[in-house]
Amino acid sequence: MQFAGSHILSIAQFERPDVEHIFTVADRMQPYAHRKRVTKVLDGAILGNMFFEPSTRTRVSFGSAFNLLGGEVRETTGFESSAIAKGESLYDTARVLSGYSDVIVMRHPAEGSVAEFAAASRVPVLNGGDGSNEHPSQALLDLYTIRKELAGRGRGLEHLRIAMVGDLRYGRTVHSLCKLLGLFQGVQVVLVSPDELRMPGEIVEAMREAGLDVLESDQLEASIAHVDIVYSTRIQEERFQSQAEADLYRGRFRLNQSVYTANCEPNTVIMHPLPRDSRNNARELDDDLNDNPNLAIFRQTDNGVLVRMALFALVLDVADEVDRHARDVNWYTAGRF
Amino acid sequence: MQFAGSHILSIAQFERPDVEHIFTVADRMQPYAHRKRVTKVLDGAILGNMFFEPSTRTRVSFGSAFNLLGGEVRETTGFESSAIAKGESLYDTARVLSGYSDVIVMRHPAEGSVAEFAAASRVPVLNGGDGSNEHPSQALLDLYTIRKELAGRGRGLEHLRIAMVGDLRYGRTVHSLCKLLGLFQGVQVVLVSPDELRMPGEIVEAMREAGLDVLESDQLEASIAHVDIVYSTRIQEERFQSQAEADLYRGRFRLNQSVYTANCEPNTVIMHPLPRDSRNNARELDDDLNDNPNLAIFRQTDNGVLVRMALFALVLDVADEVDRHARDVNWYTAGRF
Amino acid sequence: MQFAGSHILSIAQFERPDVEHIFTVADRMQPYAHRKRVTKVLDGAILGNMFFEPSTRTRVSFGSAFNLLGGEVRETTGFESSAIAKGESLYDTARVLSGYSDVIVMRHPAEGSVAEFAAASRVPVLNGGDGSNEHPSQALLDLYTIRKELAGRGRGLEHLRIAMVGDLRYGRTVHSLCKLLGLFQGVQVVLVSPDELRMPGEIVEAMREAGLDVLESDQLEASIAHVDIVYSTRIQEERFQSQAEADLYRGRFRLNQSVYTANCEPNTVIMHPLPRDSRNNARELDDDLNDNPNLAIFRQTDNGVLVRMALFALVLDVADEVDRHARDVNWYTAGRF
């Protein structure tokens, strides 16, 4: 695809070379995100960081990514505006807000809203999540993390073996990741969930049509024995009739250090879209994994900054100029990741 | 007036040369707002964008305008602060906040609050709206838009013919615009509203004293036949006893493409302070006008950035230095307005 | 202490030379905070200004201080994030957010939360207030103000005489200030409060062990007769059984111009952590003091910017490089403090 001036709305718009191009650019962002260097390539540019649904993590990640390219950020959090709260059309909102910035990130609770907004915008729009529909930068950062973790282990996205564990029915992130995996060859996926929370049939079918080797299971320990990646997701108790029933599932799909050691191959990577459950007695990823060097959950969020920097650089067509506007930093950076 | 270091609180403080000076400076901001060039004239300066009443649109417009001059923005949205919520005096709030920035934009729900705040501030304060009282940058951007649209049609603010349509009783924007029009010669104004929502008598009287030629009407079609500008405003249903009654008025003052074609002179400009009503069956400006090149409602909001840049440059006394701190941009701008 | 890369969590971590070093650096920040010069020493650096409890004043002060050093600010206000609201652990939140910025300021309602957060953060964390526990930058700016006010009067922190007035039981700021005063020699403190709101016994004891000369009193006028500083705090009516009872105390500890003139030595400095009570008939610091040049309450908040700039410069290890990245300003600054 042509990135310059494009909206980034859905992972469906990417072919495999597009994904690889994003990842190559993301790799080149590393010295900037790691504070070895500073670039001012987007000095004077403005991001409209429009979060009509709160999300501190994603909002700050996009904002920091834009700052790291030298740009400024104007933003909104929630439906504070009387105009939008009063039901102003997305067309009008988009026409107005796109006059205030060079690129917009939008999150909105309604499915399809970001695409509708983008159609009226005069500047590129990046989908920061539209309800349960799409959140393309999350899917990209997940796949980018898998690629990077595997590269450190001498493996690649081809012939990847991955187990996805937890709520596969409602989890937007696993749906999107599965679609992206369809762009690669020889991928094996084990889907581990309670029966009530199985991956929707049409997604499984699409995965098989795309050439993925898909297995379904409700047994955690056997399923994680021969994979490169365990991608865990939260069992959301609000989806069950009682807390007791929810606890039953949570108990069964709980990964901790002893389950990991007893079942996984050495160096199996552990991922999670966050937040993980914080209740010590019922969490899907135990705190005792925090010192396991294969726990990649915070490398995922770090990588999110790289991927979002790449998306901004691509749609604003400055990916090849980042280094020309750069210098080394002069403040404290010891101990940075 | 002397702009450097002044507060901008009310349109009453402007003489005609002041308005023309603001507009001349706003014109010179165009290459920066249109992203042909970047200036750093306010590099290191801080705007305190203090919105004690939410307004995404106005807040982001002011913030972007300041960023476009190279400055930084610190801001607040709503009465989050316990200090102000607990009833701290505006005097104390102003003394404190003016130590944190070089200029402050303030919006506050109480009439007169911004002037009281400004009296205690140690830096220039721009009124971003104090209840139903004043919102001077909105009136200025409306008049600036009229001037710019007419210039493209070979006409000027002298001998302007304008129809104002809708809720003229409560609409702060039309009140302020009418006052500003009093600075020019030979202006004809047709006020079109339901009887219950007529322009307040004292404003009509003041307009006539200022030399405006004022007509009042409750008929849309005849009133828009011989004007340069139709300035439409929303009929607010909360002002009526029943929704059915409100719908009646909305139905009568609805401008769409066929009403426009059947009644208006060619190239009659359509304006609106936004938001426009979003209900398709009862809106004062129909969606079918969106492709009409004379619909200027989004050029109004674009112009708001220019006018606000001009106000900042004037009160901080850098209007003549903007170009000296400038360079061309290096990011994607194709398709920008 | 070693500042570079350190967290600033509690005043207990400072020795006297540390406090003096912070103040020396703060002094050097004056031309930047007073807009005589602009520095870009932190150009490209990002502050994560994470206020999980609202506080406009403190949040904007930290943000402006970082901007004044040339850095960018990403921020959050309140528990908007579903992740943290859903009970994500502080460990996870810290691991994630510290990937987005170079330094974090955190305010959180729970005591001890900021220290727990800092333990997991990969970048320096400054405590912006954790419940009733610590708010070290406030204590530092108070002491810095005392030092600066006294220097202008030919006196120093040694042999300081200070009266603290009002709610000494729950006031976090007076507790912290008393601890800091223990680092200096020959300090005399008069604690003036209603009996129900006396300074906690263990703090009084610790002050005496640290060598302070401490007197307790419930009489305002005699207590402020021979001091260099009157540090007043708000009597919080929510702590009393009835408003009438609260008003009784407020009436007794009210400082106004005539009480000041009748009792205080010339040039006695008046301080307050703000907000002061805004009810004219019952406030602890009367409006008629606003023109008294010894009223230092807004110099306190101005000094807060200097102290916070110093803390950022120290933990990011650029304190000695601020001047090397500086230039004079080119915008309006007449009338600045």
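Protein chains in written order, with full-length UniProt numbering: chain A, 1 to 337; chain B, 1 to 337; chain C, 1 to 337.
Each residue gets a CB set at the ideal place from its N, CA and C atoms; glycine is no exception.
Q.
I believe F52(A) touches H108(A) by the beta-carbon criterion, under 8 Å. Please report the beta-carbon distance rounded to the nearest angstrom.
A. Separation of the CB atoms of F52(A) and H108(A) is rounded to 5 Å, and the pair is thereby assigned contact status at 8 Å.
(Q) Within the continuous alpha helix (DSSP H) that includes D27(B), where are the two ends? (A) First-last of the alpha helix (DSSP H) with D27(B): 16 to 28.
(Q) Determine, for V114(B), whether the minimum Cβ-Cβ distance to residues of chain C falls below 8 Å. (A) Answer no: the Cβ-Cβ gap between V114(B) and chain C never drops below 8 Å.
Q: Compare the C-beta of E72(C) against all C-beta atoms of chain A and say whether one is closer than 8 Å.
A: It does; some Cβ of chain A falls within 8 Å.
**Q.** Proximity below 8 Å, CB of V329(C) to CB of G44(B)
**A.** The beta carbons of V329(C) and G44(B) sit closer together than 8 Å.
Q | Pairwise C-alpha distance: L181(A) and N292(B) | A | Whole-angstrom Cα-Cα distance: 45 Å.
Q. Of all Cβ atoms in chain E, is any one closer than 8 Å to the Cβ of R198(C)?
A. The displayed structure is made up of protein chains A, B and C, and chain E is not among them.
Q. Looking at the structure shown, is Y231(B) part of a helix, part of a strand, or coil, going by DSSP?
A. Assignment of Y231(B) by DSSP, reduced to helix, strand and coil, places it in the strand class.
Q.
Just checking: is the beta-carbon of residue 359(A) within a distance shorter than 8 Å of some beta-carbon in chain B?
A. Residue 359(A) is absent from the model: chain A starts at 1 and stops at 337.
**Q.** Exposure label - E265(B); buried when at least 16 CB within 10 Å
**A.** By the neighbour-count definition (other C-beta atoms within 10 Å, threshold 16), E265(B) is an exposed residue.
Q: State the start and end residues of the unbroken alpha helix (DSSP H) segment that holds G128(B).
A: Bounds of any alpha helix (DSSP H) do not take in G128(B); it lies within the beta strand (DSSP E) bounded by 125 to 130.
Q) Are the beta-carbon atoms belonging to residue 338(A) and R169(A) less than 8 Å from one another? A) It is not possible to answer for residue 338(A), since the shown part of chain A is limited to 1 through 337.
Q) Thinking C-alpha only, which one of D302(B), L316(B), L314(B), V315(B) is nearest P31(B)? A) Considering only alpha carbons, the answer is D302(B).
Q. Identify the residues that DSSP records as bridge partners of F51(C): which are they?
A. Beta-bridge pairing links F51(C) to T77(C), R107(C).
Q.
If you reduce the DSSP assignment to three classes, tell me which class I224(A) lands in.
A. Judged by DSSP in its simplified three-state form, I224(A) adopts coil rather than helix or strand.
(Q) Taking beta-carbon pairs under 8 Å, can you tell me which members of the stretch 274 to 294 of chain C lie near chain B? (A) For the stretch 274 to 294 of chain C, which is checked against every Cβ of chain B, the residues closer than 8 Å are L274, P275, R276, S278, R279, D287, N290.
Q. Does any C-beta atom of chain A lie closer than 8 Å to the C-beta of residue 349(C)?
A. Coverage of chain C is limited to positions 1 through 337, which leaves residue 349(C) absent and any answer about it impossible.
Q) L215(C) bridges to which residues according to DSSP? A) BP columns for L215(C) point to V190(C).
Q: With 7 Å as the C-beta to C-beta threshold (strictly closer), list the residues of the stretch 35 to 65 of chain A near chain C in chain order.
A: Those residues of the stretch 35 to 65 of chain A that come within reach of chain C (Cβ to Cβ, closer than 7 Å) are R35, V38, P54, S55, T56, R57, V60, S61, G63, S64.
Q | Exposed unless 16 or more other CB atoms sit within 10 angstroms - verdict on K179(A) | A | Around the C-beta of K179(A), 16 or more other C-beta atoms lie within 10 Å, and the residue is accordingly described as buried.
Q: Please look up how many angstroms separate the CB atoms of A110(C) and G129(C), rounded, as I've assumed it's under 8 Å.
A: In fact, because the Cβ distance is near 11 Å, the residues do not count as touching under 8 Å.
Q) Under three-state DSSP, which class holds M1(B)? A) Here M1(B) sits in coil by DSSP.
Q: Taking C-beta pairs closer than 9 Å, name the residues in chain B that V103(C) reaches, listed in chain order.
A: Within chain B, no residue has its CB atom less than 9 Å from the CB of V103(C), the nearest being about 16 Å off.
Q: Determine the direct distance from the alpha carbon of R74(B) to that of Y260(B), and round the result to whole angstroms.
A: Cα to Cα, the separation comes out at about 44 Å.
Q.
According to DSSP, simplified to helix, strand and coil, what is V38(C)?
A. It is a strand residue.
Q.
Let me make sure I understand the geometry here. Which of G166(C), R252(C), R299(C) has the alpha-carbon closest to that of V239(C)?
A. The question names Val, but residue 239(C) is Arg in the sequence shown. Check the Cα spacing between R239(C) and each of G166(C), R252(C), R299(C): the tightest is with G166(C).
(Q) Between the stretch 60 to 73 of chain A and the stretch 8 to 26 of chain B, can you find at least three pairs of beta-carbon atoms closer than 8 Å? (A) Three or more Cβ pairs closer than 8 Å define a contact, and the stretch 8 to 26 of chain B falls short of that threshold against the stretch 60 to 73 of chain A.
Q) Across which residues does DSSP place A326(A) in a beta bridge pair? A) The partner list for A326(A) (beta bridge, DSSP) reads T39(A).
Q: Count the other CB atoms, across all protein chains shown, that sit within 10 Å of the CB of K148(B); report buried if there are 16 or more and exposed otherwise.
A: By the 10 Å Cβ count, K148(B) comes out buried.
Q | Spatial neighbours of P200(B) in its chain, beta-carbon cut-off 7 Å, leaving aside the 5 residues before and after | A | Counting only Cβ-Cβ distances below 7 Å, and skipping sequence neighbours, we find R169.
(Q) For R254(A) and R59(A), I'd like the C-alpha separation in whole angstroms. (A) Their Cα atoms are separated by approximately 29 Å.
Q. Does D18(C) get closer than 8 Å to chain A when you measure Cβ to Cβ?
A. Chain A places no beta carbon closer than 8 Å to that of D18(C), leaving this residue out of the contacts.
Q) So is V318(B) in contact with chain C if we call contact Cβ pairs under 8 Å? A) Cβ-Cβ to chain C under 8 Å: yes for V318(B).
Q) By the 10 Å Cβ neighbour count, where 16 or more other Cβ atoms means buried, how is R153(A) classified, buried or exposed? A) Around the beta-carbon of R153(A), fewer than 16 other beta-carbon atoms lie within 10 Å, marking it exposed.
(Q) Against chain C, does V322(A) count as a neighbour if the rule is that its beta carbon must be under 8 Å from one of theirs? (A) With its beta carbon at least 8 Å from every one in chain C, V322(A) lies outside the interface.
Q) Three-state secondary structure (DSSP) at E72(C)? A) Note: E72(C) maps to strand in three-state DSSP.
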